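For the record, the sequence lines run as chains A and B.
At position 66 of the first sequence the residue is numbered 89 (the working numbering), and the sequence of numbers has no breaks.
At position 59 of the second sequence the residue is numbered 1505 (the working numbering), and the sequence of numbers has no breaks.
Just so you know, even glycine gets a beta-carbon here, dropped at the ideal spot from N, CA and C.
None of these values were measured; they are calculated from a predicted model.
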Amino acid sequence: AQSVSQHNHHVILSEAASLELGCNYSYGGTVNLFWYVQYPGQHLQLLLKYFSGDPLVKGIKGFEAEFIKSKFSFNLRKPSVQWSDTAEYFCAVNPADSWGKLQFGAGTQVVVTP
Amino acid sequence: NAGVTQTPKFQVLKTGQSMTLQCAQDMNHEYMSWYRQDPGMGLRLIHYSVGAGITDQGEVPNGYNVSRSTTEDFPLRLLSAAPSQTSVYFCASSYSSAGGPHEQYFGPGTRLTVT
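Laid out in structure tokens, this is it:
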């Protein structure tokens, strides 16, 4: 079955540390890729998206992600996290052969300590 | 714009009862979806729609029905509630371009408990 895998379920790090969250998917064709964030008690918000073009995409709040087609990966990075980045992060993939059928990874809970 | 609205915010049902979760969007988006969110499992797609009159199943459609008679509304019906349907339900909508559907705009969610 086609799937979206997020490598870490739980990450704890200190303020100013760098963050990288892994995401791999198993679809073979064209895909649109997304990272969403869910702050405690809130609904999901878009961090960034990739459709085509430059594989390094920049999003809000200093986040960026790199699409590596050969590795079926779309990893999220932030050079220096803040306490306010404590949230759950979700990778999502929409394959071109079924537009609208967005599939999410299981999520990574990130806790940033002061 | 109100964006994506969902009602109710909270609901408690007894096993076997039926109910409809309402979802509406005022952004004229073609795509609408229903997800359930359970701890450690991310969001799982229940049903989705690519336009009025067109719906399709997602990953976990059993026990749920949808219809899309207008662009704005996409209600989710629980036919006979079961404790396994205890979850937080999110409705979302998105617009599309030649490159496919864009990001989802999420509603605030409905927290459903089935006893």
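Considering only residues of the same chain and omitting the five flanking positions on each side of residue i, which have a CB-CB separation below 8 Å?
| i | result |
| --- | --- |
| arginine 1514/B | Met1478, Ser1495, Gly1497, Ala1498, Gly1499, Ile1500, Thr1501 and Phe1520 |
| tyrosine 1541/B | Met1473, Asn1474, His1475, Glu1476, Tyr1477, Pro1547 and His1548 |
| lysine 124/A | Asn117 and Pro118 |
| tryptophan 106/A | Glu38, Val135, Thr136 and Pro137 |
| valine 34/A | Leu42, Leu44, Thr131, Gln132, Val133 and Val134 |
So the candidates are the options; which of them puts its Cα closest to the Cα of residue i?
| i | options | result |
| --- | --- | --- |
| serine 1539/B | Tyr1510/B, Thr1517/B, Val1506/B and Lys1460/B | Thr1517/B |
| threonine 1536/B | Asn1511/B, Ser1543/B and Pro1554/B | The sequence given here has phenylalanine at residue 1536/B, not threonine. Ranking Asn1511/B, Ser1543/B and Pro1554/B by Cα distance to phenylalanine 1536/B puts Pro1554/B first. |
| glutamate 38/A | Cys114/A, Ser121/A and Asp108/A | Asp108/A |
| proline 78/A | Ser121/A, Phe90/A and Asn117/A | Phe90/A |
| threonine 1453/B | Ala1470/B, Ser1533/B and Asn1447/B | Ala1470/B |
| threonine 1556/B | Gln1550/B, Ser1526/B, Met1465/B and Met1487/B | Met1465/B |
| glycine 1462/B | Val1512/B, Ser1526/B and Gln1503/B | Ser1526/B |
| lysine 1460/B | Gly1545/B, Ser1530/B, Val1534/B and Gln1550/B | Ser1530/B |
| valine 1458/B | Phe1552/B, Leu1491/B, Ile1492/B and Val1534/B | Val1534/B |
| glutamine 1468/B | Arg1482/B, Thr1451/B, Gln1483/B and Tyr1481/B | Thr1451/B |
| threonine 1532/B | Phe1552/B, Phe1456/B and Ala1544/B | Phe1456/B |
| proline 137/A | Val104/A, His32/A, Gly130/A and Val80/A | Val104/A |
| glutamine 1503/B | Gly1449/B, Phe1552/B and Trp1480/B | Trp1480/B |
| leucine 1558/B | Arg1482/B, Asn1447/B and Tyr1551/B | Arg1482/B |
| glycine 1486/B | Gly85/A, His32/A, Leu42/A and Ser93/A | His32/A |
| leucine 44/A | Ser121/A, Asp120/A and Ala110/A | Ala110/A |
| valine 1560/B | Ala1544/B, Ala1528/B, Phe1552/B and Asn1447/B | Ala1528/B |
| phenylalanine 1552/B | Gln65/A, Val34/A and Ala40/A | Gln65/A |
What distance in whole Å lies between the Cβ atoms of residue j and residue i, which are believed to be in contact at a cut-off of 8 Å?
| i | j | result |
| --- | --- | --- |
| tyrosine 59/A | phenylalanine 113/A | 5 Å |
| leucine 1524/B | glycine 1509/B | 7 Å |
| lysine 72/A | phenylalanine 57/A | 5 Å |
| glycine 82/A | leucine 67/A | The pair is not a contact, with the Cβ atoms about 14 Å apart (cut-off 8 Å). |
| glutamine 141/A | glycine 128/A | This structure does not reach residue 141/A, given that chain A is present from 24 up to 137, and the question cannot be answered. |
Whose C-beta lies closer than 6 Å to the C-beta of residue i among residues of the same chain, with five residues either side of it excluded?
| i | result |
| --- | --- |
| glutamine 126/A | Val27 and Val116 |
| phenylalanine 74/A | Asn55 |
| valine 1512/B | His1493, Thr1501 and Leu1522 |
| valine 1506/B | Arg1490 and Ile1492 |
| asparagine 47/A | Ser28, Phe95 and Ser96 |
Residues in its own chain within less than 7 Å of residue i by CB, not counting five upstream and five downstream?
| i | result |
| --- | --- |
| leucine 36/A | Leu42, Val104 and Val135 |
>> I'd like to know if the segment 50 to 58 of chain A and the segment 100 to 107 of chain A are in contact, where contact means that at least 3 CB-CB pairs between them fall below 8 Å.
In response: no
>> What are the residues in the segment 53 to 69 of chain A lying within 7 Å of chain B by C-beta distance?
In response: Asn55, Phe57, His66, Leu67 and Leu69
> According to a CB-to-CB cut-off of less than 8 Å, which residues of the segment 1475 to 1489 of chain B neighbour chain A?
Replying inline: Tyr1477, Ser1479, Tyr1481, Gly1486, Met1487, Gly1488 and Leu1489
> Taking any Cβ of chain A, which residues in the segment 1497 to 1526 of chain B have a Cβ under 7 Å from it, in chain order?
Replying inline: Gly1504
> Listed in chain order, which residues of the segment 96 to 121 of chain A have Cβ atoms closer than 7 Å to some Cβ of chain B?
Replying inline: Phe113, Asn117 and Ala119
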